[in-house]
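Visitor: Chains as they are written, first to last, in the working numbering: chain A, -13 to 240; chain B, 2 to 253.
Virtual Cβ for every residue (Gly too), placed ideally from N, Cα, C.
Structure below; questions to follow.
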Amino acid sequence: MSALAWRAAGLVVLALMVAIWGEIAALKFVSPVFLPSPARAWAALWNGFAHADLAAKAAGTIRHMLGGWLVASVLGVAIGAIVGSSATARAYIGPTLEFLRPLPASAVVPVAIAMFGLTPEMALGVIGFGSIWPALLAAVHGFAAVEPRLTEVERALGLSRWQGIAKISLPSATPDILAGLRLGLTVSLILAVVCEMIAGLDGLGQWVLLAARAYKSADIFAGVIMLGAIGVVSNAAIGFVEARLLRWRAPQPA
Amino acid sequence: MKTLARALPLPAVLVVLAEIGARAHGPSDSNAPPSEVAGALVEALSDGSLFGATRDTLLAAFGGLAIGAGVGLALGTLFGSFHALDRVMELPVEVIRPIPSVAVIPIALVALGFGYSLEVAIVAFACVWPLLILTRAAVAGVEPRLIEVARALRLTPLQRTFKIVAPAALPRVFVAFRLAAGISLVVAVTVEIAVNPQGLGYGVMMAGQALRPDLMLAYLVWIGVVGFALNAGLVLAQRRLFGPAAQVEALR
């Protein structure tokens, strides 16, 4: 079967799953208070766009997510490049980074609230702190793992330090960095939702939590569908960038 | 010894700087010198509140991990063994997986209320994916000649799964399990911070709201220690159980 046919089959399965969800809701296996029918969730989604501020909330979440992620990515890659390209820096700084990495980023939320209050700056700080680790560690690894023969080429060509970084190290570390950025984007979406829930910032996190407090299950599902869509789109976007930037690489054996 | 001598200066300098900075700034509602944080940590450890909170968090994290990892393992094995099923389920997985785990909180909150079940459900949802994705890859990537052996021996599909595929895929599955264990702790703490009034996340939140920065930072340090210990323990187990077989994957 062709890829398209498999895709169509997947679509059928997805439709089937929605149909089963509809049946469960229609037969009231689960109380409608908890589980809206797909039609009600769909109506709540359109209603949210047409008469409520669902679009503004989604924009708020995207703004929080991208703002924190951009700051974290730039800082993370810059610091990672410095640490990764020097064996001495790796020996002294690496262990501290490894110790901090497993720390759940959301645990710094209360600290950030104490420092910044319930403000957008707090969200920026938390999201930045959380999503800097994947980018930072990936950059450290990418810059540390430059093929030694490429470093010899760099020396043989008499490249300056900056030329070496721009022409040899950075391209060689790009696959690692992109993988880190992708992970960081996922983390930043999660943290954006958490910050919005706790601090009541304008966004989908606040939307779904308020809907839950009011037992409006259809509105919750509308918010969750929007969050899923943001996840899918951001993932696809970075996948597209990845494919573009890494076109020069030899195709990997499957 | 030498690596330790190089690892320690940076944290030591940071702690000293934090001490000097906090002392120079004077009493604060948002920051405390490390010496007071250490005092608060000892206090919370000795009155048992920290252990109680740790138990609540770990119970929820491991409960969710067990359920989520079990479901992910089963689905991953199925998808990895049957190519058609895998291709057909690709789209549904792609659609459901990017939903951030915390977005499920309100749904679970309405359905389950506060408590362990809420936290376990969210953790389970988050832990399904690493197991599903990596198990599927591990099972599908089993050396084809081993599958031929299974066919030559006329093993039933069930025998093939347990006698050939499981041992071959196990090192990579354990790596997935280690990832999921890390995720389980992160998600459990996150749920506690966001909504659920129990465990370490709630403790750090309450200490912050009670304007006890020393206790808040002590909780934060403790959460870091628990996360580090969990990860270190699993890395050690991986090395002991699988040796070099797991090293390649562990580097990723």
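Determine the burial state of Gln199 (chain B): buried for a count of at least 16 other Cβ atoms within 10 Å of its Cβ, exposed for fewer.
Guide: buried
Visitor: Kindly indicate if chain B contains any beta-carbon less than 9 Å away from that of Leu89 (chain A).
Guide: Chain B, which has a Cβ nearer than 9 Å to the Cβ of Leu89 (chain A), makes this yes.
Visitor: Three-state secondary structure (DSSP) at His37 (chain A)?
Guide: coil
Visitor: Are the beta-carbon atoms of Thr191 (chain B) and Val140 (chain B) separated by less than 9 Å?
Guide: no
Visitor: For chain B, check one thing: does any of its Cβ atoms lie closer than 9 Å to the Cβ of Phe207 (chain A)?
Guide: yes
Visitor: Does the region 117 to 131 of chain B come into contact with the region 81 to 92 of chain B, if we say contact requires no fewer than three beta-carbon pairs (one atom in each stretch) closer than 8 Å?
Guide: A contact between stretches requires three or more CB pairs, one per stretch, nearer than 8 Å, and the region 117 to 131 of chain B fails this requirement with the region 81 to 92 of chain B.
Visitor: Could you give the residue range of the alpha helix (DSSP H) that holds Phe115 (chain B)?
Guide: Counting along the chain, Phe115 (chain B) falls outside any alpha helix (DSSP H), and DSSP gives it neither H nor E.
Visitor: Under 9 Å, CB to CB, which of the residues in the region 7 to 33 of chain A have a partner in chain B?
Guide: Val16, Ser17, Val19, Phe20, Leu21
Visitor: Comparing C-alpha positions only, which one of A:Pro120, A:Ile68, A:Glu107 sits nearest to Ala91 (chain A)?
Guide: Minimum Cα distance to Ala91 (chain A) is reached at A:Pro120.
Visitor: How long is the line joining the alpha carbons of Gly202 (chain B) and His37 (chain A), rounded to whole angstroms?
Guide: A straight-line Cα-Cα distance of about 36 Å links Gly202 (chain B) and His37 (chain A).
Visitor: Taking C-alpha atoms, which residue in A:Gln192, A:Tyr78, A:Ala124, A:Leu89 lies nearest to Ala13 (chain B)?
Guide: Comparing alpha carbon positions, the residue from A:Gln192, A:Tyr78, A:Ala124, A:Leu89 closest to Ala13 (chain B) is A:Tyr78.
Visitor: Once you ignore the five residues that flank Gly189 (chain A) on each side, which residues in its own chain have a CB closer than 7 Å to its CB?
Guide: Lys43, Gly46, Thr47, His50, Ala178, Glu182
Visitor: Run down chain B in chain order and give the residues with a C-beta less than 7 Å from the C-beta of Leu0 (chain A).
Guide: Leu92, Pro93, Val96
Visitor: Pairing CB atoms from the region 22 to 38 of chain A with CB atoms from the region 208 to 223 of chain A, are three or more of them under 8 Å?
Guide: Yes, the region 22 to 38 of chain A touches the region 208 to 223 of chain A.
Visitor: Would Ile113 (chain A) pass as an interface residue toward chain B - the criterion being a Cβ-Cβ separation below 9 Å?
Guide: Not a single C-beta of chain B is nearer than 9 Å to the C-beta of Ile113 (chain A).
Visitor: Using 8 Å as the threshold, is the region 173 to 191 of chain B in touch with the region 64 to 72 of chain A, meaning 3 or more CB pairs across them?
Guide: no
Visitor: Write down every uninterrupted run of the alpha helix (DSSP H) in the region 66 to 111 of chain A whose length is 4 residues or greater and which is fully enclosed by it, in chain order.
Guide: 73 to 86, 95 to 102
Visitor: Short check: CB of Ile165 (chain B) to CB of Ala151 (chain B), under 9 Å?
Guide: yes
Visitor: Let me see if you follow: with CB-CB separation under 9 Å, is Thr55 (chain B) close to chain A or not?
Guide: No, no contact with chain A.
Visitor: Determine, using beta carbons only, whether Trp119 (chain A) comes closer than 9 Å to chain B.
Guide: no
Visitor: Can you round the beta-carbon distance between Ala8 (chain B) and Gly69 (chain B) to whole angstroms, since I take them to be within the 8 Å contact cut?
Guide: In fact, because the Cβ distance is near 34 Å, the residues do not count as touching under 8 Å.
Visitor: Cβ of Glu199 (chain B) less than 9 Å from any chain A Cβ?
Guide: Rather than Glu, the amino acid found at residue 199 (chain B) in this sequence is Gln. Output row for Gln199 (chain B): interface = no.
Visitor: Answer yes or no: does any C-beta atom of chain A fall closer than 9 Å to that of Asp30 (chain B)?
Guide: yes
Visitor: I want to know whether the region 94 to 101 of chain B touches the region 157 to 171 of chain A - three or more CB-CB distances under 8 Å.
Guide: Taking 8 Å as the limit for Cβ pairs, the verdict is that the region 157 to 171 of chain A does not touch the region 94 to 101 of chain B.
Visitor: Please check if any C-beta of chain A sits within less than 9 Å of the C-beta of Gln210 (chain B).
Guide: Closer than 9 Å to some Cβ of chain A, the Cβ of Gln210 (chain B) qualifies, so yes.
Visitor: Would you call Arg56 (chain B) buried or exposed, if buried means 16 or more other Cβ atoms sit within 10 Å of its Cβ?
Guide: By the neighbour-count rule (16 or more Cβ atoms within 10 Å), Arg56 (chain B) is not buried but exposed.
Visitor: Which residue from A:Pro88, A:Gly191, A:Thr160 puts its Cα closest to that of Val227 (chain B)?
Guide: A:Pro88
Visitor: Against chain A, with Cβ distances strictly below 9 Å, would Ala8 (chain B) count as a contact?
Guide: yes
Visitor: So for Trp234 (chain A), helix, strand or coil by DSSP?
Guide: If DSSP states are grouped into helix, strand and coil, Trp234 (chain A) belongs with coil.
Visitor: Sort B:Ile194, B:Gly64, B:Arg179, B:Leu42 by Cα distance to Tyr117 (chain B) and report the nearest one.
Guide: B:Gly64
Visitor: Where Lys202 (chain A) and Ala54 (chain B) are concerned, what is the direct C-alpha to C-alpha distance, given to the nearest angstrom?
Guide: Answer to the nearest angstrom: the Cα atoms are 32 Å apart.
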